[in-house]
Amino acid sequence: MNKFEQLGLNESLLLAIKDLGFENPSEVQEKAIPVLLEQNTDLVALAQTGTGKTAAFGFPLIQKIDAENRNTQALILSPTRELCLQITNEIKLYSKYIKGLHTVAVYGGASITEQAREVKRGAQIIVATPGRMQDMINRGLVNIKNIDFCILDEADEMLNMGFYDDICSILSDTPEEKNTWLFSATMPAEVARIGKQFMSNPVEITVGHKNSGSATVSHEFYIVNARDRYEALKRLADANPDIFSVVFCRTKRDTQAVAEKLIEDGYNAAALHGDLSQAQRDGVMKAFRGRQVQMLVATDVAARGIDVDNVTHVVNYQLPDEIETYNHRSGRTGRAGKLGTSIVIVTKSELRKISAIERIIKQKFEEKTIPSGIEICEIQLLHLANKIHDTEVDREIDSYLPAIYEVFQDLSKEELIKRMVSVEFNRFLSYYKSKRDLSSQAGDRERSSEPREIRAGDPVRYFINIGARDDFDWMQLKDFLKETLDLGRDDVFKVDVKEGFSFFNTDGEHTAKVMEVLNGYELNGRRINVEISKNDGGSNSSRRDHNGRGGERRGFGGGRDRDRAPRGDRREGGRREGSRNSERRSDATDRAPRNERRSSSAPRRTETSGASRERRPRRS
Ligand code: ADP
Ligand code: MG
1 MNKFEQLGLN
11 ESLLLAIKDL
21 GFENPSEVQE
31 KAIPVLLEQN
41 TDLVALAQTG
51 TGKTAAFGFP
61 LIQKIDAENR
71 NTQALILSPT
81 RELCLQITNE
91 IKLYSKYIKG
101 LHTVAVYGGA
111 SITEQAREVK
121 RGAQIIVATP
131 GRMQDMINRG
141 LVNIKNIDFC
151 ILDEADEMLN
161 MGFYDDICSI
171 LSDTPEEKNT
181 WLFSATMPAE
191 VARIGKQFMS
201 NPVEITVGHK
211 NSGSATVSHE
221 FYIVNARDRY
231 EALKRLADAN
241 PDIFSVVFCR
251 TKRDTQAVAE
261 KLIEDGYNAA
271 ALHGDLSQAQ
281 RDGVMKAFRG
291 RQVQMLVATD
301 VAARGIDVDN
311 VTHVVNYQLP
321 DEIETYNHRS
331 GRTGRAGKLG
341 TSIVIVTKSE
351 LRKISAIERI
361 IKQKFEEKTI
371 PSGIEICEIQ
381 LLHLANKIHD
391 TEVDREIDSY
401 LPAIYEVFQD
411 LSKEELIKRM
421 VSVEFNRFLS
431 YYKSKRDLSS
441 QAGDRERSSE
451 PREIRAGDPV
461 RYFINIGARD
471 DFDWMQLKDF
481 LKETLDLGRD
491 DVFKVDVKEG
501 FSFFNTDGEH
511 TAKVMEVLNG
521 YELNGRRINV
531 EISKNDGGSN
541 SSRRDHNGRG
551 GERRGFGGGR
561 DRDRAPRGDR
571 REGGRREGSR
581 NSERRSDATD
591 RAPRNERRSS
601 SAPRRTETSG
611 ASRERRPRRS
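Heads up: the sequence shown at position 1 corresponds to 1 in full-length UniProt numbering, and the numbers run straight through without jumps.
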C-alpha cells in the first residue's frame with residue numbers, strides 16, 4: 001500500500017497521482033487529507049507556498065464531490081487569474097479518471113458569457129477570483145447557494161489584494177452548512193477575522209515548524225518623536241484593552257523606569273531585569289503567567305526563554321542594539337499556533353533599522369499610526385459595550401435589583417445604555433480631548449503634497465484613480481502602465497486593482513517619470529491622478545490606504561456623541577471609583593478578581609493610590 005492509499009484516497013485518484021508522478025504526500029497533504037476525507041469539518045491550514053496545498057484540498061474535495069450530480073458543489077477562491085488557472089488545471093489532472101466531473105475557471109479579463117456558459121453546462125467545481133465571482137453572482141450567472149465546500153486558497157494574498165469585502169459577500173451567498181477550508185501562508189488579523197466570521201470550530205493544521213513564528217506574527221512599526229515614546233506605549237495599550245504583552249527596553253534602568261511609570265499610571269505592569277533577586281523575578285513571572293500582569297517590561301537577557309503562551313503583543317519600546325535580537329523578542333508572541341503582533345516604536349532616525357530587520361526576518365513591516373484619542377475612545381467604548389453584553393450575571397444580584405430598577409425606571413433602554421457606557425467613556429474623552437495627535441508628524445509627512453525623500457533602489461507605492469470600474473484587472477493595468485511609461489517587464493509590480501482605484505509599485509528611479517507622465521493623462525475622458533502612497537505595499541497596505549483615503553470608517557462615530565455625554569454621569573462615576581479604591585489593596589500582586597481586572601479597560605483603575613490623577617484618564 002503506498003502512502004497515498006493509506007490516507008484513504010480512492011482508486012481513480014490513486015491512478016491520477018501515479019500519472020502525476022507524486023510518490024509521497026507532502027506534510028500538509030499528510031495532515032489535511034485524512035481529516036478532510038473522514039470528517040465534515042471546517043479547516044484552517046497554514047503552510048508556505050510550494051508545500052502542495054492544491055492537492056491537500058484538491059484530492060479530498062474530488063473524492064467527496066458527487067460527479068453524477070451536475071450542480072455546483074464546490075467553490076475555490078484564489079487571489080489571481082494565474083493561480084485560478086493553475087488550480088483549475090491541477091484539479092482537472094487529479095480528476096481525469098472521474099467521468100462527469102467538470103471544473104470551470106472563473107476570472108477577470110476573459111469573456112464572462114463564455115464562463116457563464118461553461119458553468120451552466122454543469123460544473124461541480126468552480127475555481128474563481130473573488131472580483132469576477134462577485135460579478136457573476138450579481139448578474140445571476142452562477143448559483144452557489146447549495147455548495148457543500150468552499151475553499152479559500154492563499155487567503156492572506158486575497159486579503160492583501162483588498163478582496164475582503166468581496167469574500168465576505170460571496171461567502172454570505174453560500175449555505176451555512178457547507179464546510180470551509182482556508183489555506184494560507186500567514187495568519188494576519190484579517191485572515192483570522194474571516195475565519196472567525198465564517199467558520200466554526202475549524203481543525204487547525206500548521207506545517208513547517210522551522211519558522212513557525214513567521215507564520216503567526218505580524219510586524220508593525222509606529223513612528224514617533226523620541227519624547228513621545230512613553231505616551232505612544234500607553235496609547236497602544238489603551239487601543240488594545242486585552243493586551244497581554246512583553247515590552248522590551250534596552251537597559252535595566254529604562255526597564256525599571258518604564259515599568260514604574262506604567263504602574264503609577266494604573267496599568268497592570270511589572271519589571272523584569274537582572275537587578276532583581278531570583279525570588280523577585282520568580283514572583284514577577286508568576287504574576288505574568290497568572291495574568292495579573294498585562295505588560296511585562298523586560299530586558300532582553302531577563303526575558304530570554306520566556307515561555308508564556310498567548311502573549312498578544314511584543315512591544316519594542318526601543319529597538320535592540322543588535323538587530324538580530326529582534327527575532328528573539330518577536331518570538332515571545334505567536335506561539336503554539338496563536339496569532340501575535342510585534343510592535344516597534346521607532347523614531348525617524350532609526351527607520352533604517354526597520355529595513356535591516358525586514359531582511360533578517362524575511363517579512364515586511366506594516367507602518368501604522370498611533371491611534372488618536374478619539375479612535376481609542378471608540379475602541380474602549382466598543383470594548384465596554386461587548387463586556388457588558390457578555391458579562392455573566394450572578395444570581396446574587398437579584399435581591400438588589402428592585403431598588404436598582406426603581407432608580408432607572410424613568411429611563412428608556414436607549415437612554416440607559418447611553419448613560420451606562422458614558423460612565424467609562426467620559427473618562428477617556430476628558431483625558432484624550434486635550435491630547436495632541438502623536439503621529440501627526442508621520443501623518444504630515446504622508447499627507448504632504450511634497451513627495452517624501454525618494455531614492456533609486458527603494459520601492460515606491462502609488463495610488464492611482466483608475467481601477468476595475470475602468471475595466472482593468474491587475475494584468476491589464478500593469479500592461480497599461482508599462483506601455484504608457486515605457487518601462488520594462490518587471491519595473492511595475494505589486495499591482496492591486498480595487499473598484500475605483502488601484503495601487504502599484506515602481507523603483508524610486510522611475511518616480512519622477514510616473515508622476516510626470518501619468519498625472520493629467522486622459523483615459524476615456526477622465527484625468528488620471530497619481531499620488532505617492534505612504535508605504536511600499538507590504539502586507540495589508542492596500543486596505544489601510546483605502547481607509548486612509550476616507551473610505552468607510554469602522555466602529556463608532558466617536559466624534560458625534562462627544563458633546564452629548566451627560567454630565568451627571570461623570571460625577572457618579574467618580575463616586576463609584578472612590579468606593580472601589582477604598583476596597584482595594586495597594587499591593588500589586590494581590591488584586592481584584594481576575595476577570596474584572598483583565599477586562600478593565602485602558603484607564604486602569606487606580607490600584608496603587610490616587611496620587612497620579614493627572615496622568616491617566618481616570619474617573620474624575
Ligand atoms: P502550494 O499551493 O502550497 O504553493 P502547490 O499545490 O502549487 O503548492 O504545489 C507545488 C508543486 O508541488 C506543484 O508543482 C505540485 O504539482 C507539486 N506537488 C504537490 N504535491 C506533491 C507531491 N506529493 N509529490 C510531488 N510533487 C508534488
Ligand atoms: Mg497554492
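Backbone N, C-alpha and C fix where the C-beta goes; we use that ideal spot for every residue, glycine too.
All values derive from a computational prediction rather than experimental measurement.
Option in the options with minimal Cα separation from residue i
i: T72; options: Q48, C150, D491, T113; result: C150
i: L83; options: A67, A155, L14, D42; result: A155
i: D275; options: K252, Y400, H389; result: K252
i: T129; options: I205, R395, S78; result: S78
i: E176; options: E23, D307, A185, T41; result: T41
i: A189; options: L159, V104, I205; result: L159
i: R332; options: G131, F248, G457, K178; result: F248
i: G58; options: L36, I343, L416; result: L36
i: S533; options: V517, L518, N505; result: N505
i: A298; options: D437, R329, A105; result: R329
i: I62; options: L9, I194, R289, Y107; result: L9
i: P202; options: Q6, G508, V407, Q39; result: Q39
i: K120; options: I144, G131, A110; result: I144
i: A269; options: I404, Q256, F503; result: Q256
i: L101; options: L93, Q197, Y107; result: L93
i: N368; options: A239, I306, D282; result: In the sequence as presented, Asn is not what sits at residue 368; that position holds Lys. It is A239 whose Cα lies nearest to the Cα of K368.
i: A303; options: N310, R281, D321, A287; result: R281
i: S342; options: K261, S434, Y400, T312; result: T312
i: K64; options: S95, A192, T391; result: S95
i: G525; options: D470, E509, F501; result: D470
Presumed contact (8 Å Cβ cut-off) between residue i and residue j, rounded CB distance
i: L485; j: V514; result: 6 Å
i: V284; j: L272; result: 5 Å
i: D135; j: I98; result: Going by Cβ atoms, the distance from D135 to I98 rounds to 29 Å, so no, they are not a contact pair.
i: A468; j: V207; result: Not quite, the Cβ-Cβ distance comes to about 34 Å (not below 8 Å), so this is no contact.
i: F493; j: F480; result: So it is not a contact: roughly 14 Å between Cβ atoms.
i: L43; j: L152; result: Not quite, the Cβ-Cβ distance comes to about 10 Å (not below 8 Å), so this is no contact.
i: I376; j: Y317; result: Their Cβ separation, rounded to whole angstroms, is 19 Å, which puts I376 and Y317 out of contact at 8 Å.
i: I147; j: K178; result: 5 Å
i: L381; j: F425; result: 5 Å
i: D437; j: S372; result: 5 Å
i: L14; j: E23; result: About 12 Å; that fails the 8 Å criterion.
i: V346; j: L319; result: 7 Å
i: A32; j: A16; result: Going by Cβ atoms, the distance from A32 to A16 rounds to 18 Å, so no, they are not a contact pair.
i: L7; j: P34; result: 5 Å
Run of the beta strand (DSSP E) containing residue i, from where it starts to where it stops
i: P459; result: 459 to 464
i: V530; result: 530 to 532
i: D507; result: 502 to 507
i: V127; result: 125 to 128
i: M295; result: 295 to 298
i: S245; result: 245 to 248
i: T255; result: Unbroken run through T255 is the alpha helix (DSSP H), 252 to 264; no beta strand (DSSP E).
i: V203; result: 203 to 206
i: S184; result: 179 to 184
i: E367; result: 365 to 368
i: L272; result: 269 to 272
i: V315; result: 313 to 316
i: A74; result: 74 to 77
Enclosing alpha helix (DSSP H) for residue i [first to last residue]
i: D486; result: Run containing D486: none; DSSP gives neither H nor E here.
i: K196; result: 189 to 198
i: S218; result: Not the alpha helix (DSSP H): S218 falls in the beta strand (DSSP E), residues 217 to 223.
i: T41; result: Here T41 belongs to no alpha helix (DSSP H), and DSSP marks it neither H nor E.
i: I147; result: Unbroken run through I147: none, as it is neither H nor E.
i: F428; result: 413 to 433
i: A56; result: 53 to 64
i: residue 629; result: Given that the chain is displayed from residue 1 to residue 620, the structure contains no residue 629 and the question cannot be resolved.
Min CB distance residue i to chain B below 8 Å
i: P459; result: Among the chains of the structure shown, chain B does not appear; only one protein chain is present.
Exercise. Okay, do the stretch 155 to 171 and the stretch 88 to 97 touch, 3+ Cβ pairs below 8 Å being the bar?
Worked result: no
Exercise. For the 8 Å Cβ check, are there 3 or more pairs between the stretch 370 to 389 and the stretch 410 to 423?
Worked result: At 8 Å Cβ cutoff, the stretches touch.
Exercise. So does the stretch 218 to 238 actually touch the stretch 345 to 352, counting three or more Cβ pairs closer than 8 Å?
Worked result: yes
For this session: Give a yes or no on contact between the stretch 291 to 306 and the stretch 236 to 246, applying the rule of three or more CB pairs nearer than 8 Å.
Result: Yes, since at least three Cβ pairs between the stretch 291 to 306 and the stretch 236 to 246 fall closer than 8 Å, the two stretches touch.
For this session: Determine contact between the stretch 224 to 238 and the stretch 356 to 365, defined as no fewer than three beta-carbon pairs at a distance below 8 Å.
Result: no
Exercise. Pairing CB atoms from the stretch 10 to 29 with CB atoms from the stretch 53 to 61, are three or more of them under 8 Å?
Worked result: A contact exists between the stretch 10 to 29 and the stretch 53 to 61.
Exercise. Do the stretch 62 to 76 and the stretch 120 to 129 touch if we need at least three Cβ pairs shorter than 8 Å?
Worked result: yes
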